[in-house]
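Shown next, in structure tokens, is the structure this report addresses.
Protein chains in written order, with the working numbering: chain A, 335 to 744; chain B, 335 to 744; chain C, 335 to 744; chain D, 335 to 744.
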């Protein structure tokens with residue numbers, strides 16, 4: 335009769351603990367709401383259980399409502415966001431396929447690089463730091479493509495690295511003005527369920543996204559929504575693929591839809607997350623994100639008086655409601671600041687990516703987020719600025735409070 | 335074959351949701367850490383399972399370490415704090431028994447009232463608002479009791495209503511100076527695992543407490559620790575009792591120890607909570623509470639510049655590390671402030687109790703709490719002050735940040 | 335910057351683990367459904383949060399629906415079942431108060447003992463092992479009380495120790511036939527939400543119960559429902575009490591209703607559990623319990639061919655749908671059987687209590703229970719019988735399967 | 335001030351409920367242990383948190399211990415098992431690459447098909463129903479490849495569809511006997527942490543697996559372990575790939591290791607699951623699986639007396655310890671049987687795949703599984719057989735009990 339002591343966590347070197355709630359203000363992964371945690375904690379079902387089919391159908395229809403699309407087909411992948419990108423690429427990009435990738439910074443660069451890894455040819459429009467996509471440059475590039483060899487435009491709605499959101503309607507107008515048949519493909523990873531986006535109204539052909547941001551799930555689920563013209567292009571794309579293949583995933587059974595076993599926990603969590611968004615109301619979700627973003631911008635604006643920090647995205651209208659990038663003056667070490675904020679003040683913020691490493695830190699404010707969380711985060715960052723001796727205007731948190739107080743209609 | 339839709343929460347009128355983390359800054363119940371939630375979520379065991387006995391033994395020994403007592407016996411009750419009080423009363427207070435209850439405000443009054451409901455006679459020392467227990471008055475009362483008819487002194491360590499902590503060592507000295515044989519009984523409900531307390535070193539005969547404060551559990555578990563002299567008094571106390579009876583609970587089997595079925599989920603949670611405290615280290619837990627309290631005091635001090643708010647407890651040394659009571663000027667409605675703080679800024683604070691209703695609000699900062707949580711709470715309260723138009727110095731959060739930044743040794 | 339390893343469970347000596355689902359077939363505590371676990375895992379709220387009042391109101395109204403009572407007031411206690419008994423006693427039993435306690439075995443004995451600890455006088459009707467309450471003896475005792483000094487009848491609906499359910503309608507008829515004004519007080523701890531019970535229709539004045547059986551919660555919550563005549567008796571009962579006092583708990587605020595802090599986690603769990611019962615339908619819940627009980631009886635009947643085991647409750651109609659007591663022949667050690675069943679076959683069953691120690695084992699089949707769980711339990715017990723060399727008919731599980739297969743209307 | 339009712343689950347059409355524990359006996363997904371659920375429920379961390387790196391390192395080293403390999407590199411993917419296959423293919427299979435795929439049934443066929451979708455050439459050895467891989471045919475095929483154009487052997491250790499486990503040591507000997515340089519690639523999806531497997535000792539170059547079987551996680555995580563010769567082949571494979579690419583994933587930072595955001599919840603769960611396996615001991619885990627499999631085989635053997643059912647895998651040594659396929663006679667509908675087992679007896683079993691649809695049902699007995707669970711499952715299936723009128727020997731469960739009782743050394 336065994337009665338050995340059970341010491342489950344002795345090997346869990348990773349689960350180091352701090353007292354209390356840990357403030358997670360990376361722009362993804364984001365906080366997972368209790369309701370989603372509970373849904374993901376349900377035991378799996380056998381795949382023939384009719385409840386599995388109901389779950390998947392609920393996620394498909396909920397995702398279409400969220401994307402504001404009636405005509406798209408939705409494909410879910412056990413994959414992260416880069417897997418979602420690959421799902422788009424493997425279906426649309428064959429050897430030599432031309433893709434126009436408007437510059438948004440790190441993420442447009444990365445997506446373009448991945449296109450090239452598949453043998454595609456990525457045409458980049460120039461990126462100016464702190465600026466959103468230049469729609470005029472896009473229009474010019476499309477007009478220049480007189481032989482209409484560009485198959486698709488791959489646009490990042492919100493570039494998480496720069497905290498900049500570009501105007502998708504302006505891109506639509508650019509494509510229309512150029513009368514170019516290119517597919518309009520949008521990465522909404524960092525914007526979905528935070529900033530308004532309407533797939534059908536914008537004439538977007540393909541949308542891709544991932545679970546760990548506005549959808550409030552752990553990372554591990556990606557999705558693509560594609561309309562019929564995109565499906566037609568995919569059918570003609572000759573590239574080795576199986577897992578990513580849209581056509582193969584069109585079957586009725588879950589095993590086909592997911593090319594194997596569906597990621598049941600993530601799907602259960604997604605159903606719960608979509609329910610949370612619908613309960614709050616999508617407009618209210620968007621308004622909340624905008625309100626919290628204004629508070630963060632107010633704080634950074636106040637900090638900027640010290641001349642060591644500034645909002646990276648210059649145009650107010652292009653500042654993301656999901657994440658705010660704060661540029662630091664030379665000599666300021668944002669990674670050291672992050673460590674102090676995390677380890678001494680329990681606030682996890684993000685750093686710079688790619689060319690912005692060491693030049694910015696980023697504050698995420700998306701997903702399951704509220705006023706007090708943002709204020710606590712800002713106060714913790716302000717404390718860390720103080721510990722690190724980084725010059726800053728002292729009234730950052732006060733400015734955020736003032737911003738929230740003056741919001742109407744609450 | 336049944337396949338009805340499962341709508342579990344449609345009847346859950348209580349579980350209304352706000353996005354994000356809800357800041358709970360009542361002085362109890364307090365936040366339940368994930369580790370405690372997980373422990374409480376374990377399925378029950380049959381009561382003869384040897385693991386049940388191991389669980390109870392672990393809680394008993396852990397509680398004794400926490401109380402710093404080697405000689406006390408620990409009794410756990412499925413009950414709340416008032417049940418814990420009743421456990422003390424039903425064992426020590428018979429008809430006419432005299433109990434000296436030093437005034438600490440609302441909670442000493444309530445305990446005295448409960449003593450009288452059992453037919454005891456509660457002798458109260460005067461309470462001055464904003465002040466801790468007057469040890470000299472206690473000594474005088476004991477000296478005046480020349481026939482030594484006072485059976486016990488019932489002292490509240492931290493009065494949650496006033497946010498005032500009294501000096502238990504001073505009480506010990508008062509008892510010794512009066513050479514009085516009264517039992518020294520201390521309520522540590524609001525102080526345990528927040529402020530230092532040493533049962534044996536203080537010569538305390540009985541300690542009682544509850545689960546929902548520094549112990550970081552949901553309400554529903556109370557405990558009493560009693561030493562041999564107290565057990566002897568209990569044996570001679572003639573009052574109808576069964577559930578509360580210490581003597582009956584002395585058996586080896588769980589069914590006797592708990593007078594019926596033990597509250598297994600709470601015990602599992604307690605074991606986890608005691609483990610958390612020991613992992614962090616009791617001294618570190620105390621230091622953290624003191625550090626966070628100083629930050630709150632700094633904020634309230636800054637707010638006080640508006641002349642509408644002040645720290646209720648005057649002597650700095652008597653301010654509780656668990657909860658801070660903030661007195662409001664006449665005309666200020668603390669309940670309206672609380673509603674705004676809770677509903678618009680997601681920060682739940684407490685109000686006044688008994689004679690302090692409408693005269694104070696209270697900020698809890700105990701249990702599973704950290705810097706960023708306190709800063710977020712203070713910022714939310716400051717925002718609510720602003721919404722309500724309550725005059726206040728604007729730099730409350732900044733003062734708290736400054737207080738935390740200057741803390742040493744982190 | 336702290337980065338110590340976090341080893342939370344190293345001190346959890348109690349949480350020894352077995353692979354897989356642990357079959358809990360004690361008659362309480364019972365399995366806690368996932369939905370209840372999730373509800374209990376919600377963070378506490380400040381007590382002035384209007385959601386707390388909604389939660390309590392939902393539990394009160396749900397409990398009244400479950401008890402089939404429109405006229406009773408419901409009082410919830412942070413307490414176990416013995417605390418619930420004490421709540422009844424402390425309100426109804428003063429010095430010398432006469433209580434008629436019909437014999438059901440261990441639990442009627444224990445309740446009577448607790449009555450006597452409060453100075454009451456418990457009149458017991460005889461208990462015959464294996465038999466339910468003798469209603470004729472009750473009627474005779476009431477008729478014999480010509481001065482009508484008996485204040486109340488304290489009846490245990492299902493005695494968990496014997497697995498016997500008595501006929502409450504027969505008791506009602508006995509009281510009526512004797513034209514006696516005694517209050518009718520019923521303990522439904524082990525029967526509620528398993529066997530039919532209708533408080534108002536039965537003319538029951540007081541019902542008491544606890545959380546850890548048919549209500550599918552962890553132990554730690556008790557309740558009393560009392561009607562106006564019972565409240566009137568309580569007002570006249572002179573006994574020291576505060577925590578248990580019904581009158582004091584009549585206030586509107588949660589703090590009064592619970593005599594201090596409400597056990598929020600248990601209340602949240604109760605709301606969820608009541609929701610589960612209503613979702614399934616009370617009649618369906620009763621039918622399920624009856625169906626599973628028949629399967630267990632069939633298995634024990636088959637085992638009984640070995641002459642070492644028999645159903646303890648003789649009359650089929652008196653066999654509880656919650657728990658089945660199995661009497662063992664002299665020489666059979668039920669505790670050793672339990673240890674083998676638990677440690678080698680993962681099935682936890684119960685033993686004998688009081689005079690039945692060493693003479694019975696008990697199989698619980700109530701609460702969140704289904705066919706496969708019962709079959710797995712019976713198979714595990716049968717395996718343990720085999721390991722222990724206890725003579726038994728080999729086709730116990732088959733008999734249970736046959737019983738379930740022939741059930742109609744599924 | 336919002337106070338809308340929160341009805342989270344009204345949209346959860348998928349979460350239909352049955353009372354009690356649902357018996358999941360598909361061969362994957364399998365039951366997720368509480369400890370894994372708790373680990374997966376931890377909130378995400380920012381990716382620069384050093385605890386993330388610790389978590390990943392713990393999973394890498396734990397996985398290598400589980401695989402019994404010191405020399406392999408481990409790559410984790412947010413993907414399901416087919417994604418894991420694709421990771422192998424995209425790194426090793428270019429246009430025209432020859433892969434030898436020994437026939438095991440459905441899964442070898444599927445893997446071969448996926449190889450061909452990538453432009454590879456899959457050479458299949460014949461599959462005989464009910465038989466494991468024919469090592470002699472493998473040796474012959476390798477010997478016939480005199481130009482050594484076969485790049486790799488892709489072998490399925492346990493074919494989940496047939497419940498057959500092939501002898502990997504025999505394959506090793508076949509490769510050695512043929513003196514062929516082909517890489518030895520093994521799919522351990524359905525065998526890992528159930529049946530013994532030693533990567534280094536077997537000279538296996540690449541192993542791939544997935545999370546939802548013996549690893550006791552929800553689906554959504556796949557892994558590949560590759561040694562240096564395999565990495566060298568991968569470097570020379572010219573196929574468009576990015577997400578799957580081993581070389582790109584060799585970086586130190588999590589973002590490189592996972593080609594984007596790591597699936598943190600699954601990784602946290604994996605660390606916990608590996609801890610569970612190590613706590614129990616790998617040899618004990620294997621022994622438990624073998625013991626439970628013998629019990630299932632005993633039951634099916636007894637059922638087979640009815641001539642309508644038989645064990646699909648003929649050689650006892652080739653019967654998987656993870657899953658048992660039961661062949662049904664013509665006229666028996668295994669899907670109808672499954673529905674009855676699931677909906678009336680709460681036992682979910684699996685059906686036939688590919689050519690075995692309608693010809694077998696399958697009982698999974700792997701992962702977080704124990705004796706009572708298997709017995710409950712078998713009893714539920716036997717009840718369903720009875721309801722469906724499928725001829726079967728009546729003593730199936732008894733045979734399983736007898737098998738478990740006679741096991742030694744417990």
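Glycine included, each C-beta is placed from N, C-alpha and C at the ideal position.
Hey, is the region 628-637 of chain A in contact with the region 729-740 of chain A, meaning 3+ C-beta pairs nearer than 8 Å?
yes
Restricting to Cα atoms, I'd like to know which of A:495, A:729, A:467 is closest to residue 504 of chain A.
Translated into the one-based positions of the first chain, residue 504 of chain A becomes position 170. That would be A:467, whose Cα lies nearest to the Cα of residue 504 of chain A.
If the cut is a Cβ gap below 9 Å, which residues of chain B does residue 376 of chain D touch?
The sequence position of residue 376 of chain D within the fourth chain is 42, counting from 1. Going along chain B in sequence order, the residues near residue 376 of chain D (Cβ under 9 Å) are 368.
Extent of the continuous alpha helix (DSSP H) run through residue 433 of chain B:
Against the second chain, residue 433 of chain B aligns to sequence position 99. Element bounds for residue 433 of chain B: not the alpha helix (DSSP H) but the beta strand (DSSP E), 432-435.
Residues sharing a beta bridge with residue 411 of chain C, DSSP:
The residue given as residue 411 of chain C occupies position 77 in the third chain. DSSP lists C:556 as partners of residue 411 of chain C.
Pull up the distance between the alpha-carbon of residue 394 of chain D and that of residue 612 of chain D, whole angstroms please.
Mapped onto the fourth chain, residue 394 of chain D falls at position 60. Mapped onto the fourth chain, residue 612 of chain D falls at position 278. Going from the Cα of residue 394 of chain D to the Cα of residue 612 of chain D covers about 14 Å.
Suppose contacts are defined by Cβ-Cβ distances below 8 Å. Is residue 490 of chain D in contact with residue 441 of chain D by that definition?
Numbered from its first residue, the fourth chain carries residue 490 of chain D at position 156. Numbered from its first residue, the fourth chain carries residue 441 of chain D at position 107. Their beta carbons are under 8 Å apart, which means residue 490 of chain D touches residue 441 of chain D by this criterion.
Per-residue DSSP class, three states only, for residue 479 of chain A
For the purposes of this step, residue 479 of chain A is taken as residue 145 along the first chain, with counting starting at 1. Of the three classes helix, strand and coil, the one that applies to residue 479 of chain A here is coil, per DSSP.
Among residues of its own chain, excluding the 5 on either side of residue 533 of chain D, which ones have a beta-carbon nearer than 7 Å to its beta-carbon?
In the fourth chain, the residue the question calls residue 533 of chain D occupies position 199. 401, 402, 403, 406, 541, 559, listed in sequence order.
Taking only beta-carbon positions, decide if residue 360 of chain C is within less than 8 Å of chain F.
In summary, chain F is missing from the structure at hand, where the protein chains are A, B, C and D.
Could you give the distance in angstroms between the alpha-carbon of residue 381 of chain B and the alpha-carbon of residue 683 of chain C?
Your numbering for residue 381 of chain B matches position 47 in the second chain. Your numbering for residue 683 of chain C matches position 349 in the third chain. Looking at the two C-alpha atoms, the distance is approximately 10 Å.
Taking residue 414 of chain A as the query, report the chain D residues whose CB atoms sit under 7 Å from its CB, ordered along the chain.
Taking the first residue of the first chain as 1, we reach residue 414 of chain A at position 80. Those within 7 Å of residue 414 of chain A in chain D are 412, 592, 594, 595, 597.
Are the CB atoms of residue 358 of chain A and residue 377 of chain D within a distance shorter than 8 Å?
The residue given as residue 377 of chain D occupies position 43 in the fourth chain. The residue given as residue 358 of chain A occupies position 24 in the first chain. Closer than 8 Å, so yes.
If we ignore side chains and look at the alpha-carbon of each, how far apart do residue 679 of chain B and residue 722 of chain A end up?
Within the second chain, the letter at position 345 stands for residue 679 of chain B. Within the first chain, the letter at position 388 stands for residue 722 of chain A. One C-alpha to the other measures close to 29 Å.
Min CB distance residue 372 of chain B to chain D below 8 Å:
Position 38 of the second chain, counted from the start, is the residue given in the question as residue 372 of chain B. True, the Cβ-Cβ gap to chain D drops below 8 Å.
Cβ neighbour criterion (16 or more within 10 Å) applied to residue 641 of chain C
The sequence position of residue 641 of chain C within the third chain is 307, counting from 1. It is exposed - the Cβ of residue 641 of chain C has fewer than 16 other Cβ atoms within 10 Å.
Below 8 Å on C-beta distance, what does residue 735 of chain A contact in chain B?
On the first chain, residue 735 of chain A is found 401 positions in, with the first residue counted as 1. 713, 716, 717, 720, 731, listed in chain order.
Beta-carbon separation (whole angstroms), residue 488 of chain A vs residue 420 of chain D, contact threshold 8 Å:
Position 154 of the first chain, counted from the first residue, corresponds to residue 488 of chain A. Position 86 of the fourth chain, counted from the first residue, corresponds to residue 420 of chain D. Going by Cβ atoms, the distance from residue 488 of chain A to residue 420 of chain D rounds to 22 Å, so no, they are not a contact pair.
Tell whether a beta-carbon distance below 8 Å holds between residue 717 of chain A and residue 739 of chain B.
Locating residue 717 of chain A in the first chain gives position 383, counting from the first residue. Locating residue 739 of chain B in the second chain gives position 405, counting from the first residue. Cβ atoms of residue 717 of chain A and residue 739 of chain B: closer than 8 Å.
Using a cut-off of 9 Å between C-beta atoms, extract the partners of residue 481 of chain A located in chain B.
For the purposes of this step, residue 481 of chain A is taken as the residue at position 147 of the first chain. The premise fails here: residue 481 of chain A is roughly 50 Å from chain B at the closest Cβ pair, so nothing lies under 9 Å.
According to DSSP, is residue 622 of chain B part of a helix, a strand, or is it coil?
Numbered from its first residue, the second chain carries residue 622 of chain B at position 288. Helix at residue 622 of chain B.
Buried/exposed call for residue 469 of chain A, threshold 16 Cβ in 10 Å:
Sequence index remark: in the first chain, residue 469 of chain A carries index 135 (1-based). By the neighbour-count rule (16 or more Cβ atoms within 10 Å), residue 469 of chain A is buried.
Could you round the C-beta distance between residue 315 of chain C and residue 703 of chain D to whole angstroms and report it? I think they count as a contact, below 8 Å.
Given a span of 335 to 744 for chain C in the structure shown, any question on residue 315 of chain C remains unanswerable.
Residues from the region 656-684 of chain A in contact with chain B, defined by Cβ distance under 7 Å
678, 679, 680, 681
At the level of alpha carbons, what is the spacing between residue 318 of chain C and residue 591 of chain C?
Nothing about residue 318 of chain C can be read from this structure; chain C reaches only from 335 to 744.
Would you list, in chain order, the members of the region 557-581 of chain C that have their beta-carbon closer than 9 Å to a beta-carbon of chain B?
573, 574, 575, 576, 577, 578, 579
Pull out every residue of the region 378-409 of chain A whose Cβ sits closer than 9 Å to any Cβ of chain D, in chain order.
378, 379, 380, 381, 382, 383, 384, 385, 386, 387, 388, 389, 390, 391, 392, 393, 396
Using three-state DSSP, classify residue 642 of chain A as helix, strand or coil.
The residue labelled residue 642 of chain A in the question sits at position 308 within the first chain. Here residue 642 of chain A sits in coil by DSSP.
Residue burial classification, residue 605 of chain D (beta-carbon count within 10 angstroms, cutoff 16):
Here residue 605 of chain D corresponds to residue number 271 of the fourth chain, with the count starting at 1. Result: buried.
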